[in-house]
Amino acid sequence: MYAVQSPNRRHTIPGSAGAYALASALKRHGVEVIFGQSIPAALFVVAPEFGIRQIGYRTENAGAAMADAYARVSHKVPVVTGQNGPAATLLVAGLAEALKASIPVVAIVQDVHRKQVDKNAFQELDHLELFKGAAKWIRRVSEADRIDDYVDMAFTAAASGRPGPAVLIVPIDMFVETGVEGDKRRASLGTYPLDRSVADPAAVAKAADLLAGARAPLVIAGGGVHSSDAAQALAALQEMASLPVATTVMGKGGVDETHSLSIGVVGYFMGPRGRTRHLRGLITEADVVLLVGNRANQNGTDSWSLYPPGAHYIHIDVDGQEIGRNYEAGTRLVGDARLTLEALTDALSTRDLSARRAAREGLEEIIATGHEAFEAEVAATLDLDQSPLRPERLMRDLDGLLTPESIVVTDASYSSVWVANYLTARAAGQRFITPRGLAGLGWGLPYAIGAKIARPAAPVFCLVGDGGFAHVWSELETARRMRTPVVVAVLNNEILGYEKHAEKTLFEDYSDACDFQPVDHAAIARACGCEGSRIERAGDFRPALEAALAAPTVTVLDVVTDAKAYPPVTMFEGKAILES
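Residues -17 to 562 (this note's numbering) make up the sequence shown, in order.
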């Protein structure tokens, strides 16, 4: 029997059942919520006795995304569940994003009865094979007495080393099997990074020498800065060593973007009206580049054309296999980003930094001038008062309302790019959460729900396109039922924007599926019991946004936007066909 039980429980599940063993183990790891619909039912029946709340999603893919965002904001290892068969298959997309983005998630998947394996039982599927490409660790519990052991293994796998999803498959009969011996373990493994390690001191010393003596050093920080909770360490390095810092989309918020040495987000959207367009030379002309938790992937490097080929690369990453993958690392710093940045800052404090300090004023002037040129370009080329609305206008209004405590989440595609370019991180560690691991559509609203559950007091704003939002309309009811008041702005341009513009750029034509019929997303919100407003004039957006951020309810702002508006993606530069 387990110590934590309600005297008023009405169910018939014995206190020595496997469901109690599993719930007890989850509680030991600090689990407060489980993202799950109805399966495993026995687990959800007993979970409240351990103070664990069920977050009942409508679809498994959305539930996995909620868990992902919850982890990114809370630094706790989340739990998501699913039934065997089709429900399990719907977890794959969300877990695959978490795998590529290095986010820990423990997925508990109910399986068929142990005596019915390989008998074509209802919804039987080979889950061990199913999750191979979407998780770093997959196991099936064979004995109920080992539930504690396997739960610990799952949390350890998810939170240690390079974080990622762990899948624990539990047969349905195990939840009600009695006489289960539990409470054998005491460790709490529910936060990440679980085990921090620091890079080789000799390599750190070499990196310090290189940065101190470089002609034009540069730091480019990726999402690993947030996973390691290393933003303050990066900010300290930036200030002490007078180093210019750029970030990837996932790294946005790794430094305060109002800092005089903060370049902004760099990558494949440094075309016309890009915030960092006029600062490209700081990247291409760097001679020593420090990559921090940065995968140097295609989008972040503008198809590997942005980063300088002749530079010396210092690469910090917890995963040694990631170091030097796309840019050969002359100095490998394998370790936790926070500890290694702190060690590097300490090492630099003993170096002669006179060259860095002497160059600082000139660097600050270059960065300020580049940002001013961006603002002037936007002002000279766009009518921000037009209707249908320009997304840049929405971002300007939103940016004026954000605080360092605000959390902004987006869907993939254009939404991520609008936010990366036109919003400002006002503190090191401010969170902008984007699905850039695999960049699939339909993550925005679930991300908002997960973020709000992780940090209920924080204002949460979600930007989505009408194409991506259509994947997850149903989760509006979830947000209302779970009492997670988030604000969702839908860029309603009645097209699949990125796809249509890319096809026109590549082929001077586009496929039929790129155009949508009109949809009233505000009416959908109201049908789900949420607030919904349709915005058709630029001057109406900010007042509606202010009201929505102050409201205790879920609000959808359905914003009619210009179908010809596209963000500063470099492949679109000079393409006159996009204006037609």
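Ideal Cβ positions, reconstructed from N, Cα and C, are used throughout, including at glycine.
Helix, strand or coil at residue i according to DSSP, with G and I counted as helix
{"i": "R35", "result": "strand"}
{"i": "C512", "result": "coil"}
{"i": "T392", "result": "strand"}
{"i": "A148", "result": "strand"}
{"i": "W400", "result": "helix"}
{"i": "I21", "result": "coil"}
{"i": "P60", "result": "coil"}
{"i": "N43", "result": "helix"}
{"i": "A89", "result": "strand"}
{"i": "F104", "result": "coil"}
{"i": "E561", "result": "helix"}
{"i": "T552", "result": "helix"}
{"i": "P153", "result": "strand"}
{"i": "V94", "result": "coil"}
{"i": "V501", "result": "coil"}
{"i": "A439", "result": "coil"}
{"i": "V186", "result": "helix"}
{"i": "A116", "result": "coil"}
{"i": "L420", "result": "coil"}
{"i": "I431", "result": "helix"}
{"i": "T332", "result": "coil"}
{"i": "V231", "result": "coil"}
{"i": "P373", "result": "helix"}
{"i": "I506", "result": "helix"}
{"i": "T385", "result": "coil"}
{"i": "T(-6)", "result": "coil"}
{"i": "A471", "result": "strand"}
{"i": "V28", "result": "helix"}
{"i": "L176", "result": "coil"}
Exposed unless 16 or more other CB atoms sit within 10 angstroms - verdict on residue i
{"i": "G432", "result": "buried"}
{"i": "W400", "result": "buried"}
{"i": "F104", "result": "exposed"}
{"i": "M(-17)", "result": "Only weak support exists for where M(-17) lies, its pLDDT of 48 falling under 50; the value from the coordinates is given anyway. So M(-17) ends up on the exposed side."}
{"i": "R338", "result": "buried"}
{"i": "R314", "result": "buried"}
{"i": "L573", "result": "With the chain covering only -17 through 562, there is no way to say anything about residue 573."}
{"i": "T63", "result": "buried"}
{"i": "I559", "result": "exposed"}
{"i": "V207", "result": "buried"}
{"i": "Q280", "result": "exposed"}
{"i": "Q65", "result": "buried"}
{"i": "V390", "result": "buried"}
{"i": "T543", "result": "buried"}
{"i": "W286", "result": "exposed"}
{"i": "H(-7)", "result": "exposed"}
{"i": "R519", "result": "exposed"}
{"i": "G67", "result": "buried"}
N-terminal and C-terminal residue of the alpha helix (DSSP H) that residue i is part of
{"i": "T363", "result": "336 to 363"}
{"i": "F451", "result": "448 to 451"}
{"i": "Q214", "result": "213 to 223"}
{"i": "V207", "result": "206 to 209"}
{"i": "I477", "result": "No alpha helix (DSSP H) contains I477, which DSSP labels as neither H nor E."}
{"i": "A126", "result": "Neither: A126 is in no alpha helix (DSSP H) and is coded neither H nor E."}
{"i": "P68", "result": "68 to 83"}
{"i": "R465", "result": "No alpha helix (DSSP H) contains R465, which DSSP labels as neither H nor E."}
Residue range of the unbroken beta strand (DSSP E) whose run includes residue i
{"i": "V162", "result": "Looking at the DSSP string, V162 is not in any beta strand (DSSP E), and its letter there is neither H nor E."}
{"i": "I415", "result": "413 to 415"}
{"i": "L405", "result": "No beta strand (DSSP E) contains L405, which DSSP labels as neither H nor E."}
{"i": "R122", "result": "119 to 122"}
{"i": "A1", "result": "Not the beta strand (DSSP E): A1 falls in the alpha helix (DSSP H), residues 0 to 10."}
{"i": "I129", "result": "I129 -> not in any beta strand (DSSP E); alpha helix (DSSP H) instead, spanning 129 to 141."}
{"i": "L200", "result": "199 to 203"}
CB-CB length for residue i against residue j, believed under 8 angstroms
{"i": "D502", "j": "D540", "result": "7 angstroms"}
{"i": "F17", "j": "I37", "result": "5 angstroms"}
{"i": "A5", "j": "V162", "result": "With a Cβ gap of about 12 angstroms, A5 and V162 do not count as contacting."}
{"i": "P60", "j": "A49", "result": "4 angstroms"}
{"i": "S210", "j": "R320", "result": "5 angstroms"}
{"i": "Y132", "j": "E457", "result": "At roughly 30 angstroms, the Cβ-Cβ gap does not stay under 8 angstroms, so Y132 and E457 are not in contact."}
{"i": "P153", "j": "V231", "result": "Incorrect: roughly 41 angstroms between the Cβ atoms, too far for contact."}
{"i": "A139", "j": "Y174", "result": "In fact, because the Cβ distance is near 11 angstroms, the residues do not count as touching under 8 angstroms."}
{"i": "L8", "j": "F157", "result": "That pair is no contact at about 13 angstroms."}
Which ranges would you report for the beta strand (DSSP E) in the stretch 243 to 324 if only whole runs of at least 3 residues count?
244 to 247, 270 to 274, 294 to 299, 311 to 316
Which complete alpha helix (DSSP H) runs does the stretch 520 to 545 hold, if anything under 4 residues is left out?
520 to 532
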